[in-house]
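Chemist: Quick note on numbering: the sequence shown equals residues 4 to 397 in our numbering.
We put the CB at the ideal spot given by N, CA and C, even for glycine.
In this text, all values refer to a predicted model and were calculated from it rather than measured experimentally.
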Amino acid sequence: MTRRTTPDTASGLIASLTPEPATGRTIAARRRIVVKVGSSLLVDKASGALNTDWLAALAEDIKVLSRGGREMLVVSSGAIALGRGVLKLQYGHLKLEEAQASAAVGQVALARAWAESLQREGLTAAQILLTLGDTEERRRYLNARATLTSLLRMKAVPVVNENDTVATSEIRYGDNDRLAARVAAMIGADCLVLLSDVDGLYTAPPADNPDARRIDHVSAITPEIEAMAGTAGSDLSRGGMKTKIEAGKIATAAGAAMVIASGHLMHPLAAIDAGEACTWFDPQATPARARKSWIAGHLEPKGSITVDAGAVTALKSGKSLLPAGVTGITGRFARGDAVVIVGADGAEVGRGLSAYDCDEAERIAGRRSDEIEAILGYSGRAAMVHRDDLVMRE
Numbered sequence: 004m005t006r007r008t009t010p011d012t013a014s015g016l017i018a019s020l021t022p023e024p025a026t027g028r029t030i031a032a033r034r035r036i037v038v039k040v041g042s043s044l045l046v047d048k049a050s051g052a053l054n055t056d057w058l059a060a061l062a063e064d065i066k067v068l069s070r071g072g073r074e075m076l077v078v079s080s081g082a083i084a085l086g087r088g089v090l091k092l093q094y095g096h097l098k099l100e101e102a103q104a105s106a107a108v109g110q111v112a113l114a115r116a117w118a119e120s121l122q123r124e125g126l127t128a129a130q131i132l133l134t135l136g137d138t139e140e141r142r143r144y145l146n147a148r149a150t151l152t153s154l155l156r157m158k159a160v161p162v163v164n165e166n167d168t169v170a171t172s173e174i175r176y177g178d179n180d181r182l183a184a185r186v187a188a189m190i191g192a193d194c195l196v197l198l199s200d201v202d203g204l205y206t207a208p209p210a211d212n213p214d215a216r217r218i219d220h221v222s223a224i225t226p227e228i229e230a231m232a233g234t235a236g237s238d239l240s241r242g243g244m245k246t247k248i249e250a251g252k253i254a255t256a257a258g259a260a261m262v263i264a265s266g267h268l269m270h271p272l273a274a275i276d277a278g279e280a281c282t283w284f285d286p287q288a289t290p291a292r293a294r295k296s297w298i299a300g301h302l303e304p305k306g307s308i309t310v311d312a313g314a315v316t317a318l319k320s321g322k323s324l325l326p327a328g329v330t331g332i333t334g335r336f337a338r339g340d341a342v343v344i345v346g347a348d349g350a351e352v353g354r355g356l357s358a359y360d361c362d363e364a365e366r367i368a369g370r371r372s373d374e375i376e377a378i379l380g381y382s383g384r385a386a387m388v389h390r391d392d393l394v395m396r397e
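Now the structure itself:
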């Protein structure tokens with residue numbers, strides 16, 4: 004796009020844009036989009052109050068994209084910044100207990116602000132608080148992913164933040180850039196938008212080097228690209244360009260394009276697609292291919308599931324593995340562990356993530372999915388291995 008107009012309203016701008024056929028470097032060209040919003044954009048430093056007009060404009064951007072068929076998820080900072088204002092704590096470094104208290108107070112206000120802003124646009128907000136273990140431990144990862152994907156399917160807008168009320172320095176992400184990248188990878192997003200104090204990646208920190216120039220496009224994050232990142236964040240944020248590049252490595256490896264853009268414009272998402280300055284980072288694979296590669300090559304199988312010929316045929320046609328097609332369970336594995344799927348002849352058919360512990364898998368093997376609740380005492384999942392968590396052997 005060559006248009007440089009800063010939009011006053013989002014209506015008609017994003018919807019009227021057609022993706023550039025050579026690059027597709029627009030948000031509107033994507034299907035599932037994660038938008039990260041920093042504290043310094045949401046909260047006025049001087050007063051500690053919420054920037055309500057800006058949030059309303061961003062909510063309208065989200066509505067336009069959502070009405071166009073995109074699935075939208077927000078990773079929002081701001082709880083500590085809002086809470087410290089309510090508690091009248093001085094700006095500067097907070098003790099851990101002060102930060103956690105600020106987060107507890109501020110999270111209420113932050114959730115209300117997002118809910119009201121999105122509701123005015125006819126959208127439903129859902130609050131999700133995560134800690135590091137929710138994206139690092141496979142059982143909790145699967146639970147979080149199932150919740151988020153269900154909300155997206157129901158057309159809600161999940162608003163995610165780190166659970167700062169309980170997280171300590173040893174168990175935290177450290178900044179919401181990395182949290183946003185982890186969430187993007189978790190849900191198979193194909194675009195991560197980092198709204199920032201700066202309008203992209205520069206060859207050197209622009210505050211220190213007047214000759215620094217912005218880079219419009221990064222095809223791959225190389226050591227040279229990493230060396231360009233500075234370390235200083237704003238007074239209200241923990242991150243800087245360094246954390247954004249680290250987030251980019253996570254997101255692009257998981258199949259998401261990433262864009263760093265200024266959030267100080269009204270309607271910042273519409274502004275990106277209208278041609279405002281930003282930096283786009285290319286994905287290194289598709290989200291599906293990246294996830295399949297992770298399952299196939301980076302997880303050690305903890306057991307095996309033997310299936311009958313009918314199940315093999317169903318799996319090869321792209322179906323999930325249902326308990327009815329399972330004839331045997333071997334090994335000790337927990338829900339979320341990788342397992343090998345083998346046919347009656349013992350040959351490997353594929354690999355995937357089990358939706359059940361081995362003991363539960365043995366109990367429901369060979370049974371219909373509608374019998375699971377009666378057998379286990381809870382409804383569980385219909386598939387023993389869902390097709391999204393399955394890689395077939397070629």
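(1) Can you tell me where the beta strand (DSSP E) holding A32 begins and where it ends?
(2) Let's test the definition: count the other Cβ atoms within 10 Å of the Cβ of T55 and tell me whether it reaches 16, buried, or not, exposed.
(3) Spatial neighbours of L154 within its chain, please: CB distance less than 6 Å, with the 5 preceding and 5 following residues excluded, ordered by chain position.
(4) Taking the C-alpha atoms as reference points, what is the distance between T150 and L132?
(5) Quick check on the DSSP output: the beta strand (DSSP E) that includes G331 runs from which residue to which?
(6) For G191, which residues from the same chain have a beta carbon less than 6 Å from its beta carbon, with the 5 sequence-adjacent residues on both sides left out?
(7) Quick one: what's got a C-beta closer than 6 Å to E376's C-beta in the same chain, skipping five residues either side?
(8) Tell me whether V394 sits in a helix, a strand or coil according to DSSP, three-state version.
(9) Would you report the Cα separation of M261 and L379, rounded to the nearest angstrom?
(10) Once you ignore the five residues that flank H389 on each side, which residues in its own chain have a CB closer than 7 Å to its CB?
(11) Going by beta-carbon coordinates alone, are I263 and F284 separated by less than 9 Å?
(12) Where does S79 sit, in a helix, a strand or coil, going by DSSP?
(13) Run the CB neighbour count on M387, radius 10 Å, all protein chains shown included, and call it buried at 16 or more, exposed below.
(14) Determine the burial state of E351: buried for a count of at least 16 other Cβ atoms within 10 Å of its Cβ, exposed for fewer.
(15) Is it the case that the Cβ atoms of G334 and G353 are separated by a distance below 9 Å?
(16) Restricting to runs no shorter than 3 residues, where is the beta strand (DSSP E) found entirely within the region 205-281?
(17) Going by beta carbon distance, what residues of the same chain come within less than 8 Å of I224, once the five residues before and after it are set aside?
(18) Contact defined as beta carbons within less than 8 Å: I believe L325 pairs with G339. What is the distance between those atoms, to the nearest angstrom?
(19) Considering only the beta carbon of each residue, do V108 and G86 sit closer than 9 Å?
(20) Secondary structure at K39, three-state DSSP: helix, strand or coil?
(21) Leaving out five residues before and five after A207 in sequence, what residues of the same chain have Cβ atoms less than 6 Å from its Cβ?
(22) Quick one, which of L44, M395, A327, A159 has its alpha-carbon nearest L113's?
(23) Give the straight-line distance between the Cα atoms of W297 and L393, rounded to the nearest whole angstrom.
(24) Whole angstroms is fine: what's the gap from V201's alpha carbon to G278's?
(25) Could you check whether I83 and A3 sit closer than 9 Å to each other, using their CB atoms as the reference points?
(26) Apart from the five residues on each side of it in sequence, which residues of its chain come closer than 8 Å, Cβ to Cβ, to A25?
(27) Quick one: using the 10 Å Cβ neighbour count with 16 as the cut-off for buried, is M157 buried or exposed?
(28) Find out if the Cβ-Cβ distance for the pair V221, L76 is shorter than 9 Å.
(29) From G72 to R366, what distance separates their C-alpha atoms?
(30) How far does the alpha helix (DSSP H) with S153 in it reach, from first residue to last?
Modeler: Checking against the coordinates, here is how it stands:
(1) Taken as a continuous stretch (DSSP letters only), A32 belongs to no beta strand (DSSP E), as it is neither H nor E.
(2) exposed
(3) A129, P161
(4) When rounded, the separation of the alpha-carbon atoms in T150 and L132 is 12 Å.
(5) 329-334
(6) Setting aside the 5 residues that flank it on each side, G191 is surrounded in the same chain by P290, each with a C-beta closer than 6 Å to its C-beta; the list follows chain order.
(7) S382
(8) strand
(9) 42 Å
(10) S323, A358
(11) Yes; because the gap between Cβ atoms is below 9 Å, this pair is in contact.
(12) strand
(13) buried
(14) exposed
(15) no
(16) 260-265
(17) I248, G251, K252, T255, F284
(18) Not a contact, Cβ separation roughly 18 Å.
(19) yes
(20) strand
(21) A215
(22) For the residues L44, M395, A327, A159, the minimum Cα distance to L113 belongs to L44.
(23) Distance between the alpha carbons of W297 and L393 is about 11 Å.
(24) Near 16 Å, if we compare the C-alpha coordinates of G278 and V201.
(25) Shown here, the chain extends from 4 to 397; a query on residue 3 therefore has no answer.
(26) Here A25 scores only 35 on pLDDT, less than 50, and its place in the model should not be relied on; the value that follows carries that caveat. Answer for A25: no residue qualifies.
(27) exposed
(28) no
(29) 41 Å
(30) 141-156
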